[in-house]
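Before any comments, here is the structure.
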Amino acid sequence: MFNKKKICAFLSLSLFSLSILSACSQEGDQSNAKNGNGKDVTIQYWHANVEEERVQLLKELIQKFEKQNPGIHVQQVPVPEEDLPNKISAAMGANQLPAIIESGIEQTLLLSEEGVSDTKLHEEIINEIGKDDFFRGVLDTTKSPDGNGYLGVPIYGWVQGIWYNKRLFEEKGLEAPTTWENILKAAKTFYDPANKKYGIVIGTQKDQFTEQTFSQFALSNNAAIFDEKGKINVDSPEMKESLNFYKELAKYTPEGAESWREAKEMYLSERAPMVMYSTYIMGDLSQNTQLAQSTGFAIPEKKKKASFGQITSFVITNTISEDERNAAKRFTKFLMEKENYIKFLHMSPGGQNPTRKSIAQDPEYLNNEVLKTFGEVASQIPFGLENLQRFDVVNGKIYPEMSDISAQFIISEGIYNMTEHGIQPDEVTKTVKEKIEKVMK
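Quick note, this note's numbering runs 20 ahead of the 1-based positions in the sequence shown.
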C-alpha cells in the first residue's frame, strides 16, 4: 500500500525544486508488441525535457538504440516538471509506473520510500559503467538512505558556486574567491553603492536559493543541520560562526532581500563582479563572449570545499517485468556511452553537467559552442560535483526530513531575519532549532 502522506508531501515539495525545464506532455501505450520472430518488449521513459528540440534529439537517440537492440522499443513521454508529481502518484496508485523515470532527488527519494525503485539494479549499472568514474559527491547524494543500493543512476547535474570576473579581480590584485577571507576581502573591495556597484550577491530572501547559498558556507565549515547520529545540530559553534560570516558578507550586497534573479541580473550587467549562481547561468553568459571569457568559477572553502547542486537520475522501477527490466538497463547504459552521453548532455550545455569524470575532460564534450566560450573553465566546472555537499546528506547518509524543513523555508527565513532585520545568530539558531523540532515530530 502506498503512503498517501508521503505522496502529498512530495506533491508540495516538488514545486520548490530548482530547474529550468518547462512544458508539454504526451501519453503512450505501454503494452508489449509482438512480431513473427517472437515477443518484443516496449518500455516507457518519462522525462521533463519537453522542449521540441530536446524531444527530437531524444527521438534520434532512441531510434539509434532500437536499431542496435532489435525487439526493444522505447516510448518517450515528455512531462512538464510541474505535472510530474501528479503523474507519478497517479501511476503508483494504479500500479502503472513506467520502466524509467528521469527525476531529481525529491522524486527519487519518494519512489525509494514507496518501495518501487530498483535500487540494487541502479548499483549494478553504476558498477558496470565504472563506479570510480562517477564524482564522489554525486554518488553520496544518490546513495539509498538505508545504504542498500542507489536511488537512481545519476545522469547529469547542475552545480552552484561563485562566478566572478577574473579581469576585475586581477586589476585589483585579488586572489580567486575560494577561501572565506578572499571572498570577504573581494566583496569589501568592490562595494561601491554610490555608483550602484556591489561586492557580491548571495541569497537573503525567504526562498530556497538563500538556503542553498548559505549551505555552501556552512558545510564548508562542517556546520550541518544533523550530526552523524541524526540529532539536530543547528546550534553548533560552527553554525553560529557560519551565520556571523554570512551576515557580514550580506553587508556588501545590494539593498533589500536578494534572490537568484538579482544575482543573475547583477552579474550580467556587470554591477557585481562576484555572485552565487548555478551552472544554468552559462547559457545567458555565452551571449556575452567577452564577459564569459573573463568569468571564473570558485567553490567556497574553509575547512573543506562545499558546492551545492542537484542530481538528476534515471530511476528504474521494480514493478515491471524481467524483460522490461533488462531493456531499461540496456537503454540506461546506452545513454551513458560516450558518443550518446555527450549528445544528451549538449541538450543543455553547462546546465546538464556530466556525472562522470572522464566525460567532463573529454575534448568531444568540450567541443560545444556554449562551452568553448568559457575556455578551460568549462572543464573545471563539472568537478564541482566532486565536492557536492547538501544539508540532507551527512557522511553519505540521506536525511529525507530535510525536504520538509526546506519546504517550510525554516533556514532561509532565519537568514532573512538576520540579514534584513538584524536578528542575532544566537537567536536565529534558537528559533530554527525549535521549528525543526516541530517538523521532526
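The C-beta atom is built at its ideal place from N, Cα and C for all residues, glycine as well.
In this text the structure is predicted, and so the values were computed from the model without any measurement.
Counting of Cβ neighbours within 10 angstroms places residue 257 among the exposed residues, the total staying below 16. Its chain contains 119 as the residues whose beta carbon lies nearer than 6 angstroms to that of residue 340, once the 5 sequence neighbours on both sides are disregarded; these appear in chain order.
Linking residue 64 to residue 70 through their CA atoms gives a straight-line distance of about 15 angstroms.
Taken in chain order, the unbroken stretches of alpha helix (DSSP H) that lie wholly in the region 184–247 and span 4 residues or more are 186–191, 200–210, 228–240.
Across the structure, residue 324 and residue 199 are spaced so that their CA atoms are roughly 10 angstroms apart. Under a 10 Å Cβ-count criterion, residue 309 is classified as exposed, with fewer than 16 other Cβ atoms of the shown protein chains found around its own Cβ. Residue environment: residue 215 is assigned as exposed (fewer than 16 neighbouring CB atoms within 10 Å of its CB, all protein chains considered). CA-CA distance, residue 412 to residue 133, rounds to 15 angstroms. Taking each of 142, 388, 176 in turn and checking the Cα distance to residue 406, the smallest one comes out for 176. In its chain, beyond the 5 residues on either side, 224, 277 have a beta carbon closer than 7 angstroms to the beta carbon of residue 440. Burial of residue 96 is indicated by the presence of at least 16 other C-beta atoms within 10 angstroms of its C-beta. In this structure, residue 232 places its C-beta atom within 8 angstroms of the C-beta atom of residue 328. By the CB criterion at 8 angstroms, residue 259 and residue 449 fall inside the cutoff. In this structure, the beta-carbon distance from residue 375 to residue 178 does not fall below 8 angstroms. Residue 286 sits away from residue 390, with the two beta carbons spaced by 8 angstroms or more. Our two residues, residue 79 and residue 364, have alpha carbons roughly 11 angstroms apart in a direct line. Nearest to residue 417 by alpha-carbon distance, out of 247, 240, 113, is 247.
For residue 145, same chain residues with a beta-carbon under 7 angstroms away, outside a window of 5 residues either side, are 173, 349, 352, 353 in chain order. A direct Cα-Cα distance of roughly 30 angstroms separates residue 125 from residue 264.
In this structure, residue 293 and residue 184 form a Cβ contact; the two beta carbons are roughly 6 angstroms apart against a cut-off of 8 angstroms. DSSP, read as helix, strand or coil, puts residue 112 in helix. For the 8 angstroms CB-CB criterion, residue 317 and residue 397 form a contact. Annotated three-state conformation of residue 281 is helix, per DSSP.
About 5 angstroms separates the beta carbon of residue 331 from that of residue 161, a gap short enough to meet the 8 angstroms contact definition. For residue 131, the CB contacts under 6 angstroms within the same chain, skipping 5 residues up- and downstream, are 137, 335 in chain order.
Separation of residue 378 and residue 153 (C-alpha to C-alpha, rounded to the nearest whole angstrom) is 7 angstroms. Counting along the chain, residue 342 sits inside the alpha helix (DSSP H) bounded by residues 342–355. Residue pairing of residue 408 in beta bridges, as defined by DSSP: 327.
In the three-state scheme derived from DSSP, where H, G and I count as helix and E and B as strand, residue 89 is classed as coil. In its chain, beyond the 5 residues on either side, 252, 254, 255 have a beta carbon closer than 8 angstroms to the beta carbon of residue 453. C-alpha of residue 158 to C-alpha of residue 360: approximately 20 angstroms in a straight line. Here the C-alpha atom of residue 368 lies approximately 11 angstroms from the C-alpha atom of residue 301. In chain order, 358, 362 place their CB closer than 8 angstroms to the CB of residue 382, counting only its own chain and leaving out the 5 sequence neighbours on each side. Ranked by Cα distance from residue 112, the options 193, 140, 338, 366 are led by 338. Under the three-state reduction of DSSP, residue 300 is assigned to coil, being neither helix nor strand. Under the three-state reduction of DSSP output, residue 396 falls in the coil class, being neither helix nor strand.
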